[in-house]
Structures are given as C-alpha cells and as structure tokens.
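Here the structure comes first, spelled out in structure tokens, and everything after it is commentary.
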Amino acid sequence: MDSFTPIAKTTLDTQALVFEDESDFRVHGSVYTDDQIFNAEMRDIFGKCWIFIGHESEVRNSGDFKTSFIGRRPVVMSRDEHGEIHVFFNRCRHRGSVVCREERGSVKRFQCQYHGWVYGLDGTLQGVAKHKGGYPDDLDKSRLGLMAVPRVEIYRGLVFANMDANAITFTAYLGAAKPFLDIHLDRAPDGEVEVVHGAHRTEYRGNWKFQAENSTDGYHGDTVHESFFKLVAEFGNKSGQHGAYTQGDLDEIFAHRMTGRTLGFENGHGIWESPLSPDAAENMRAGPFADYVDWLEGKYGTQSMHEMLNAMNLLIFPSLAVLHGQFRVIRPISVDRTEVAMHFFKLKGASEAYNNFRLSGYQRFFGPASFGSPDDVEIFAFNQTGLQAEEVEWLLLSRGMARETSDKLGVRVAESTDETPQRAFHRAWRAHMGA
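If you're matching positions, the sequence shown starts at 105 in my numbering and goes up one per residue.
In structure tokens, the structure reads:
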C-alpha cells in the first residue's frame, strides 16, 4: 500500500519536436502550448529528475516544516524530534486533502483539517478520529502514514527529492555542473548559506520553460532590461553588487557584458556567466567590503577570487536557478501558468553589512518593485500570446552553434549571448520525454 506506482504513459511523439543538425536547432511551438505535452512533462521530467524542495535552514528546529511542490504534486518537508529531515506527499491517506495548508511553520504534529487524522513529524499515522466502531481495532496504522517521496538527498544544505526510486545520485546528476553550484556556496566564509524566511513570488501567464530558459539567457538583457542599464549608465549602481559600474557609457556596459560565457551540460544544466565590471575586485576593495575580497583571495587564490565575483546564473534542470544570492524555484501550474518563488540566502560567516548589501542588490533587480524580474515575466506572457499563431511552427535556438566548443568533460562552451544553455535544456527535455 505504501509503494509508488508511476502514472501510465500516453502515446505521444515528442522526439520530433526538438530538431537539431550541425547548424540548426529548433523547438516546436506546441512544446509550450499543448496540454498533453504538459501532462507528460509532469510524469517524465518532474517525475524522474531531482527537484529542489528547499534548504535545511528553512526547517532548522524540530517541528519546523515547509510546503513545496514536485511539479503539481504537493509535498511537505519537515524536521522530526531526532533532527532528521523528511519529505512527504502533502496528502492525507484518508480522503486526500492536503495536511499542511500553510507555506511554513512549526508544529508538534500534523493534523488533517478534513477528518482530523493526526500524523507525527516523521509522517507516521498517530491518531484516527472516532476510531472506535468505525474501523477495526487492529487497524494497521503503520501502513497509513504520510507517503514519503521515494528519494531524498541533501547536498550542502540543499534538499532535493526524486520520484524515481532508481534514479542516479544527485551528485551524479549534477555531473560537471557541480563545481559551479559549489562556487555559489563557497562564497560564504563558513561554507554554508542560510535562506532568509519568506519568499518573493510572482506568477505569469506562460509556460514554465520560458523562465527556465531565461535564467541562463544572456541575449535578452540589453533589450528587455535596457531601462535598467540606462539608469546605471546615468546615475551609477550605488546599491547592490559592488564591482558594478559606478557610472559609464551605455555602449561600454553592453560591450562588457559580451565578455562572459555560456555553458551547456549533460542532463540539461546550464550556465550564464559575466564579470560584474572590468575592475570588480578593485572597486570592491575601494569600498567597505575590502576584507571580504581579501578573504576570497586568501582562501581561493587570485584567479578564483575574480571568478567568484562574477555574476553567474546556474540552472539545475529542470526547475531550479541559483543566482547571485537567491534560489529561484519554478513551479509549473498549467501549460500556460507558472509561479516563480525567489528565496534570498545569506552567506554564513560574512558580515551583516555585506549580507544586507547583497539583499539590497537582490531587491533592486529581482524584488517586487525592481527593474529586472517584472520585465522578464511580462515578456513570458507575450511569448505565450505569440505562440497562439500556430501557423508559425518553430522557435529558433541556434545562436552561436558555429562557435560553440566542447571541453575535455564534454561541456559545451560559447559566448555570453549564445543559446548554448537553452540547447542543453532541450536536449535533456527530449531525452526524458517518453523515455
């Protein structure tokens, strides 16, 4: 009764929807608009890949919990009396109602608000309301606990879950992208990050893959975020990331953004990376956080210090983006409706002043009244509208194919505005769909 049976497959030819040859890469528009494809994604991608649930700092104490989703499946992460973290389906074993309605909190036990069944922090069924006479006296409660997600792994505080009991380990899934996740975490003097409670959430009328693709897209910034860069050029960048331009020519700023790179990995992960400015380290040393730059250089060396000061967006396929100071979680709701939750994290061991400064930068570009994220979600909605013209069948993702190279690990590398990460994403999408 506790075993997990995958949803039955449907007959759907998805392999022809992503086309690739030596110079051309195309994705069919139906990949973003078809309900049947969306349902298959919930089974073949969100049902088989490692999905970010949260960070263990969000359930720091016994009784703490956080609710989340694996695709459309509601789950709850909790910490029990012994300090162990669990991830369960947020569904009562009686009549199916969610057990935890709140986003987060702290409890001694979980109680379903429909008929009052009670579960322990470890998911075991502890009480059945009006048990006597309604159920056998020897009802086997051990078989009726909250059903655990088949696989859970914790990597440096990040909690991931997988619906596939036979999936490869999370570190194997990361592959060559693992050092780039480590960079985000190694920026913390204590080697750990801490998620600030609460999240900034936004919802848009568009497919979930638009946000996934855009997380590592270096091609759109000069157009979509032009107003932000104009402000930086005219007035300077006085809040947020030290090392950015204090003032400068707009063309100079755009040209500097071209000096970064993009990377595409096996399993669909991707990177967009760009230096904050030509003189990032020097500018930071001239400000109030010289000690932090000195610590980075002393710990990791000069070259790595410069790399760790870069702006670097990592997409862990399919739905987690790790940016400079945030975990961005993509939640598909329907084929044309998506929620994005942004969780700011502190660098443990860094000064309160520096973490507050990072938070200021986050609020400036990603917050509710920011100059960045609102631009993006507006574009995603326009994308979904444009795709209703089904007579134009294909989207083109071939930018930079001719100059793309591969390193010794098979990682594809290209320039900062190339669509290398997006191609990696859709290769993985095609491989998972129908597999």
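Glycine included, C-beta positions come from ideal geometry on N, C-alpha and C. Since we're looking at a predicted model, the values are computed, not measured.
Can you grab the Cα-Cα spacing for the pair residue 283 / residue 412, in whole Å?
Taking the first residue of the sequence shown as position 1, residue 283 is located at position 179. Taking the first residue of the sequence shown as position 1, residue 412 is located at position 308. Distance between the alpha carbons of residue 283 and residue 412: 11 Å.
Leaving aside the five residues before and after residue 128 along the sequence, list all residues of the same chain whose C-beta is less than 6 Å from its C-beta, in chain order.
Along the sequence shown, read from residue 1 onward, the residue named residue 128 stands at position 24. Hits under 6 Å: 502.
Could you tell me whether the segment 469-480 touches the segment 228-245, where touching means 3 or more Cβ pairs closer than 8 Å?
no
Taking all protein chains shown into account, do 16 or more other C-beta atoms lie within 10 angstroms of the C-beta of residue 258, making it buried, or fewer, making it exposed?
Here the question's residue 258 lines up with position 154 in the sequence shown. By the 10 Å Cβ count, residue 258 comes out exposed.
Taking Cβ positions only, does residue 514 come closer than 7 Å to chain B?
Note that chain B does not occur in the displayed structure, where there is just one protein chain.
Should residue 149 and residue 536 be called a contact, given that it needs their Cβ atoms to be closer than 7 Å?
Taking the first residue of the sequence shown as position 1, residue 149 is located at position 45. Taking the first residue of the sequence shown as position 1, residue 536 is located at position 432. Cβ distance < 7 Å, so residue 149 and residue 536 count as in contact.
Three-state secondary structure (DSSP) at residue 148?
Your numbering for residue 148 matches position 44 in the sequence shown. In this structure, residue 148 counts as helix in the three-state DSSP scheme.
With residue 450 as the anchor, note down where its alpha helix (DSSP H) starts and where it stops.
By 1-based counting over the sequence shown, the position of residue 450 is 346. In the DSSP assignment, residue 450 falls outside any alpha helix (DSSP H) and lies within the beta strand (DSSP E) extending over 441-451.
With DSSP as the reference, label residue 143 as helix, strand or coil.
One-based indexing of the sequence shown puts residue 143 at position 39. Residue state, collapsed to three classes: helix.
Pick helix, strand or coil for residue 524, following the three-state DSSP scheme.
Translated into positions along the sequence shown, residue 524 becomes position 420. Here residue 524 sits in helix by DSSP.
I'd like the span of the alpha helix (DSSP H) that includes residue 317, first residue to last.
Along the sequence shown, one-based indexing puts residue 317 at 213. Start and end: 312-318.
Whole angstroms are fine: how far does the CA of residue 178 sit from the CA of residue 220?
Here residue 220 refers to the residue found at position 116 when the sequence shown is read from its first residue. Here residue 178 refers to the residue found at position 74 when the sequence shown is read from its first residue. Going by the C-alpha atoms only, they are around 19 Å apart.
How big is the Cα-Cα spacing for residue 410 and residue 365?
As a position in the sequence shown, residue 410 is number 306, starting the count at 1. As a position in the sequence shown, residue 365 is number 261, starting the count at 1. Between residue 410 and residue 365, the C-alpha separation is close to 15 Å.
Rounded to the nearest angstrom, what separates residue 351 and residue 325 at their Cα positions?
Numbered from 1 along the sequence shown, position 247 holds the residue referred to as residue 351. Numbered from 1 along the sequence shown, position 221 holds the residue referred to as residue 325. In this prediction, residue 351 has a pLDDT of 47, which is less than 50 and means its spatial position is unreliable; what the coordinates show is noted afterwards. Their backbone Cα atoms lie some 18 Å apart in a straight line.
Would you grab the beta carbon distance between residue 500 and residue 130 for me? Rounded to a whole angstrom, and I think it's under 8 Å.
To locate residue 500, count along the sequence shown from 1; it is residue 396. To locate residue 130, count along the sequence shown from 1; it is residue 26. Yes, they are in contact, since the Cβ atoms of residue 500 and residue 130 sit about 6 Å apart, within 8 Å.
May I ask which residues mark the beginning and end of the alpha helix (DSSP H) holding residue 165?
As a position in the sequence shown, residue 165 is number 61, starting the count at 1. Element bounds for residue 165: n/a, residue is neither H nor E.
For residue 210, is the classification buried or exposed, using 16 other Cβ atoms within 10 angstroms of its Cβ as the cut-off for buried?
Counting from one through the sequence shown, the residue named residue 210 turns up at place 106. Exposed.
Answer with buried or exposed for residue 266, where buried requires no fewer than 16 other C-beta atoms within 10 angstroms of its C-beta.
One-based indexing of the sequence shown puts residue 266 at position 162. The residue is buried, with at least 16 neighbouring Cβ atoms inside 10 Å.
With distances taken from CA atoms, which of 520, 482, 506 is nearest residue 125?
As a first step, residue 125 is located in the sequence shown; it is residue number 21 there, counting from the start. The residue with the shortest Cα to Cα distance from residue 125 is 506.
Among all the DSSP beta bridges, which residues are the ones paired with residue 415?
Counting from one through the sequence shown, the residue named residue 415 turns up at place 311. Answer is 378.
Between the beta-carbon of residue 422 and the beta-carbon of residue 153, is there less than 7 Å?
Numbered from 1 along the sequence shown, position 318 holds the residue referred to as residue 422. Numbered from 1 along the sequence shown, position 49 holds the residue referred to as residue 153. It is a contact, given that the beta carbons lie within the stated cut-off.
Taking all protein chains shown into account, decide if residue 393 is buried (16 or more other Cβ within 10 angstroms of its Cβ) or exposed.
The count along the sequence shown starts at 1 and reaches residue 393 at position 289. Buried: at least 16 other Cβ atoms inside 10 Å.
Could you pull the DSSP bridge partners for residue 368 from this structure?
Mapped onto the sequence shown, residue 368 falls at position 264. In DSSP, residue 368 forms a bridge with 374, 516.
Here's the rule I'm using: 16 or more other beta-carbon atoms within 10 Å means buried, otherwise exposed. How should residue 270 be labelled?
For the purposes of this step, residue 270 is taken as residue 166 along the sequence shown, with counting starting at 1. When all chains shown are included, residue 270 counts as exposed.
Taking DSSP as the reference, what is the three-state secondary structure of residue 499?
The residue labelled residue 499 in the question sits at position 395 within the sequence shown. Strand at residue 499.
State the Cα-Cα distance for the pair residue 161 and residue 261, rounded to the nearest angstrom.
One-based indexing of the sequence shown puts residue 161 at position 57. One-based indexing of the sequence shown puts residue 261 at position 157. If I take the Cα positions, the gap works out to 7 Å.
Taking the straight line between their C-alpha atoms, what separation do you get for residue 347 and residue 397?
Locating residue 347 in the sequence shown gives position 243, where the first residue counts as 1. Locating residue 397 in the sequence shown gives position 293, where the first residue counts as 1. Residue placement at residue 347 cannot be trusted, given a pLDDT of 46 that sits under 50; what the coordinates show is reported in the next sentence. Between the alpha carbons of residue 347 and residue 397 lies a distance of about 11 Å.
Return the bridge partner residues of residue 172 from the DSSP annotation.
As a first step, residue 172 is located in the sequence shown; it is residue number 68 there, counting from the start. When beta bridges are read from the DSSP output, residue 172 appears opposite 179.
Is it a yes or a no for the segment 200-217 touching the segment 289-299, going by three-plus beta-carbon pairs under 8 Å?
no
Output needed for residue 378: all residues of its chain with C-beta closer than 6 Å, excluding positions within five of it in sequence on either side, in chain order.
Taking the first residue of the sequence shown as 1, we reach residue 378 at position 274. Once the five neighbours on either side are set aside, the close Cβ partners of residue 378 are 361, 364, 415, 520.
Just reading off the alpha helix (DSSP H) that residue 404 is part of, what are its end residues?
Counting from one through the sequence shown, the residue named residue 404 turns up at place 300. Unbroken alpha helix (DSSP H) run through residue 404: 394-404.
Can the beta-carbon of residue 323 be found closer than 7 Å to that of residue 442?
In the sequence shown, the residue the question calls residue 323 occupies position 219. In the sequence shown, the residue the question calls residue 442 occupies position 338. Not closer than 7 Å, so no.
What did DSSP end up calling residue 306 once you bin it into helix, strand or coil?
Within the sequence shown, numbered from 1, the residue matching residue 306 stands at position 202. Strand at residue 306.
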